[in-house]
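S.K.: Using the working numbering, you'd call the opening residue of the sequence shown number 1 and step up by one each time. By construction, the Cβ of each residue, glycine as well, lies at the ideal position given by its N, Cα and C atoms. All figures in this text were calculated on a predicted structure; none of them were measured in a lab.
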Amino acid sequence: MIRTATSVRPRLFLAAVVAFFAVGAAAATGARNDSAPVGPLPAGPTATTTTKPGLLVAVALPHAARKSGLGWRIARRYDSHIVRQISEADVRGSVVLVFKVVGRGDTSLVFALTRGDTSSKAVKASTYKIHSA
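1. To the nearest angstrom, how far is it from the Cα of residue 82 to the Cα of residue 88?
2. Using CA coordinates, which residue listed in 132, 102, 116 and 114 is at the minimum distance from residue 80?
3. Leaving out the 5 sequence neighbours to the left and right, which residues in its chain are closer than 6 angstroms to residue 46 when beta-carbon positions are compared?
4. Would you call the CB atoms of residue 75 and residue 36 closer than 7 angstroms?
5. Locate the beta strand (DSSP E) running through residue 60, then write down its first and last residues.
6. What residue from 64, 115 and 120 has the CA that sits closest to residue 94's CA?
7. State the Cα-Cα distance for the pair residue 117 and residue 132, rounded to the nearest angstrom.
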């Protein structure tokens, strides 16, 4: 079977939903307290999603090469009155984070690819703008 972008997306979303139910709910405050702050971010892709309270938003970030020591982490605070992280899982070649939309408004999920949680230097960045109406 040949996989196209349209055939992979539903599978990735389904895997994210399965991961959500398998892992369980864990509230997020928007940034981890044990991580070093991430400094300036390189230019990266930005995606915008319009949604509404009660729905889920899944973000898939590609894995870095295993030997590189790089990993994705949340680089900037987001409004936890609008979205809350409820799950994170490795799904094939991606790290999938699932957020529940809990309120109305605008917020951005900004991710940085860094060498562990102690590095403040971002190698790559990716931003997901969320508008909840």
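M.R.: Here's the rundown:
1. 18 angstroms
2. 102
3. 127
4. no
5. 56-62
6. 64
7. 30 angstroms
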